[in-house]
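Visitor: The structure follows.
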Amino acid sequence: MKSRKEKIKVFDMICVSCELRVEKAVKRLNGVRNALASFNDESVIVEYNPDLCSLENIKDAIRVSGYSTESSSRYKIAGMFVIAAAVILIGSSSSGIDINSRLNGATYFVLFLVGILTSIHCVGMCGGMALSQSVNKGGKSKFDSIKPAALYNAGRVTSYTVLGGIVGGLGSVFSLSISIKAGLQIFAGIFMIIMGSNMSGYSLFKRFNIRLPWSACSMKKKPRTPFLVGILNGLMPCGPLQAMQLYALGTGSILKSSLSMLMFSLGTVPLMLGFGAVSGILSRGYTKTLLKFSGILVIVLGIVMGSRGLALAGVNIPTVSTLAAGLYGNKTSAESSAGKSTLKDGVQIIKMTADDSGYIPNGLYVQKNVPVKWIIDGKALNSCNGQIIVPSLNIQRNLQAGENIIEFTPKGGDINFSCGMGMIRGVIKVVDDISTVDTSKPDSSIPAPSSGMPGCSMHGAQGEDSTTKAPSIYSTDLSKVETARLVRKAEKYIYAIEHAPLVNSFA
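For the sequence shown, the working numbering begins at 68 and goes up steadily by one.
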């Protein structure tokens with residue numbers, strides 16, 4: 068009996084679970100004796116009888132299963148442009164206006180979008196399971212026909228959310244240590260970049276395949292109910308799911324990690340629910356393009372997460388807008404974000420405000436070896452700016468409304484600080500002689516004002532400086548104004564508006 072062994076390149080595998088799918092697709096062919104796929108090597112070794120099966124038949128089976136036997140660099144090049152554009156957008160859009168209120172749910176929206184795009188992978192890996200649990204068991208009503216699918220997806224959402232809370236809780240246990248908190252976020256960022264690269268088809272990190280301990284769990288027995296099957300679905304090895312679990316771990320919060328996984332899981336629901344209706348479309352080539360794009364989003368999220376971790380570790384990474392200010396001599400950023408100490412009774416006084424715009428100023432100059440009294444005015448505190456971390460001083464302080472005082476003596480070297488999530492950043496520049504400092508000159512080492520990353524929960528008005536408010540036409544405090552006076556002022560204001568065009572026409 069004839070036997071031939073061929074090594075065939077297989078592209079578009081995004082995790083080790085894809086190996087099993089490729090092997091099953093090839094082994095179904097008549098004449099194939101054995102198949103061994105390798106995610107790291109992007110290949111499958113097939114032993115077959117050439118009289119019963121041809122090489123082209125094997126390649127067709129691989130393509131039908133959702134993978135490719137030919138590499139395409141178009142999407143990789145486009146992906147690099149998307150990543151670069153996203154990083155530039157994140158860096159440049161964080162100054163000039165208060166974007167925090169608009170970005171309050173941006174990260175969760177991106178996670179939801181990642182869920183939508185990676186649901187294609189969910190259908191590919193778990194579609195058979197979903198389909199087996201969505202079969203109508205003979206129910207008479209319309210609800211009975213969709214109940215199994217609804218229960219299965221409800222189980223998945225529940226499992227993802229609960230697991231998110233668990234891993235977030237594990238992260239919060241270590242939150243007392245700044246170094247461990249930073250390390251978790253940096254590790255999560257690196258993992259997400261590796262996972263996103265694999266999803267997008269980049270082979271650079273193929274050999275660095277990281278698995279979470281609980282991803283080794285597998286379903287040996289099928290539970291009787293679709294809901295329990297959905298629950299166990301969260302324990303199956305899945306690349307995108309592992310990436311999101313590491314993202315949840317890096318948040319260090321049970322609530323935030325649960326919400327992150329909830330949004331991701333909700334994004335996977337629509338396509339999984341409509342799997343039967345769209346099953347004929349899923350084999351088309353453009354689905355792989357969407358999956359590659361979802362990997363690019365994961366890379367961007369990994370860059371954001373890693374950047375936050377570096378900020379918590381005390382590493383100051385200049386934003387695009389800050390570098391531009393130093394390169395082109397734009398003084399606006401530096402002038403509005405820098406201040407220097409004043410000496411009183413042998414102690415340097417520096418003042419900073421924590422409000423809707425972040426930390427203002429977020430660049431402070433002090434003199435070396437002179438005691439410092441850092442006064443932080445908590446004007447508008449929230450879940451993001453309400454905690455300040457100074458890694459080099461081993462300070463992690465929850466701010467209170469009003470004055471917060473931190474005292475230290477600078478020995479030398481810049482002192483970086485950030486909010487508790489590593490989104491809003493600042494630096495205390497330590498100099499030998501404070502009298503030589505000119506804060507009007509731009510300094511690219513000072514982060515741009517309000518240089519937080521997406522997801523920082525602030526509630527200021529867009530484009531409005533929270534430190535100055537436009538005066539009311541009535542008064543600064545309406546509770547102290549008589550009703551009659553309010554009515555008279557309103558009437559005068561309305562009269563002026565109505566007659567303004569008439570006055571202008573005679574001008």
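Where a beta carbon is used, it is the ideal one built from N, C-alpha and C, also for glycine.
Can you find the residues in the same chain that come closer than 7 Å, C-beta to C-beta, to L448, ignoring five residues on each side of it along the sequence?
Guide: A421, L466, A468
Visitor: Measuring alpha carbon to alpha carbon, tell me which residue in G373, S502, V497, I501 is nearest S512.
Guide: Nearest Cα to S512 within the set G373, S502, V497, I501: V497.
Visitor: Looking only at its own chain, which residues have a Cβ that is under 8 Å from the Cβ of S70, when we skip the five neighbours before and after it?
Guide: If we look at S70 and ignore the five residues flanking it on each side, its Cβ neighbours are R100, E114, Y115, N116.
Visitor: Under 8 Å: does the beta carbon of A315 sit that close to some heavy atom of the ligand HEM?
Guide: What this structure holds is no ligand at all, so the ligand HEM is not there to describe.
Visitor: Residue range of the beta strand (DSSP E) that Q434 falls in?
Guide: 430-434
Visitor: Using the rule of at least 16 other Cβ atoms within 10 Å of the residue's Cβ for burial, across every protein chain shown, is T409 buried or exposed?
Guide: Its Cβ having fewer than 16 others within 10 Å, T409 is exposed.
Visitor: For the stretch 227-235 and the stretch 327-334, state whether three or more C-beta atom pairs, one from each stretch, are separated by less than 8 Å.
Guide: yes
Visitor: For K126, name the three-state secondary structure that DSSP assigns.
Guide: helix
Visitor: Where do the ends of the beta strand (DSSP E) carrying Q467 lie?
Guide: Per DSSP, Q467 belongs to no beta strand (DSSP E) and is neither H nor E.
Visitor: Write down the C-beta distance between I366 and I260 rounded to the nearest angstrom, noting that I regard them as a contact closer than 8 Å.
Guide: 5 Å
Visitor: According to DSSP, simplified to helix, strand and coil, what is K536?
Guide: Model confidence at K536 stands at a pLDDT of 41, short of 50, so the residue's coordinates are unreliable and nothing is read from them.
Visitor: Is A249 near L103, with beta carbons less than 9 Å apart?
Guide: no
Visitor: Pick out whichever of I456, Q415, F254, G453 has its Cα sitting closest to the Cα of F475.
Guide: The option with the nearest alpha carbon to F475 is Q415.
Visitor: Please report how far the alpha carbon of F294 lies from the alpha carbon of G319, in whole angstroms.
Guide: Cα to Cα, F294 sits roughly 28 Å from G319.
Visitor: According to DSSP, simplified to helix, strand and coil, what is A380?
Guide: coil
Visitor: Is it buried or exposed for G489, if we count other Cβ within 10 angstroms and need 16 for buried?
Guide: Label assigned to G489: buried.
Visitor: With DSSP as the reference, label K74 as helix, strand or coil.
Guide: DSSP, read as helix, strand or coil, puts K74 in strand.
Visitor: Buried or exposed: A216, going by 16 or more other Cβ atoms within 10 Å of its Cβ?
Guide: buried
Visitor: What are the partner residues of D422, as DSSP defines its beta bridges?
Guide: G425
Visitor: Specify, as a first and last residue, the run of the alpha helix (DSSP H) that F254 falls within.
Guide: Here the alpha helix (DSSP H) through F254 covers 245-267.
Visitor: For G182, which residues of its own chain have a beta-carbon under 6 Å away from its beta-carbon, when the five flanking residues on both sides are left out?
Guide: F331, G334, T335
Visitor: In its own chain, which residues sit with a C-beta less than 8 Å from the C-beta of D481, not counting the 5 before and 5 after it?
Guide: N383, V494, I495, K496, V497, S512
Visitor: The beta strand (DSSP E) that contains F331, what's its start and end?
Guide: Run containing F331: none in the beta strand (DSSP E); it sits in the alpha helix (DSSP H), 321-340.
Visitor: Whole angstroms are fine: how far does the CA of N265 sit from the CA of N203?
Guide: The predicted position of N203 is uncertain, since its pLDDT is 49 and thus under 50; a value taken from the coordinates is nonetheless stated next. Taking the CA atoms as reference points, N203 sits about 37 Å from N265.
Visitor: Going by alpha carbons, who is nearest to F179 out of V89, C120, L368, E73?
Guide: Of the candidates V89, C120, L368, E73, the one whose C-alpha sits nearest the C-alpha of F179 is L368.
Visitor: Assuming the contact rule is C-beta atoms closer than 8 Å, S110 and V77 should be a hit. Round their C-beta distance to whole Å, please.
Guide: 6 Å
Visitor: Under a three-way DSSP split, which group does A102 fall into?
Guide: strand
Visitor: What three-state label does DSSP hand C85 in the structure shown?
Guide: helix
Visitor: Just to confirm before moving on: does the CB-CB distance between G425 and G406 stay below 9 Å?
Guide: Their beta carbons are not under 9 Å apart, which means G425 does not touch G406 by this criterion.
Visitor: Bridge partners for N220 per DSSP, in chain order?
Guide: According to DSSP, which records beta bridges pairwise, N220 is partnered with nothing at all.
Visitor: Would you report the Cα separation of S324 and N97, rounded to the nearest angstrom?
Guide: 47 Å
Visitor: To the nearest angstrom, how far is the alpha carbon of L299 from that of D510?
Guide: 53 Å
Visitor: Please state whether the Cβ-Cβ distance between N584 and I491 is less than 9 Å.
Guide: The displayed coordinates of the chain run from 68 to 574. Any statement about residue 584 would go beyond what the structure contains.
Visitor: Give me the Cβ distance between G317 and M262, rounded to the nearest whole Å; I'm assuming they're in contact under 8 Å.
Guide: That pair is no contact at about 13 Å.
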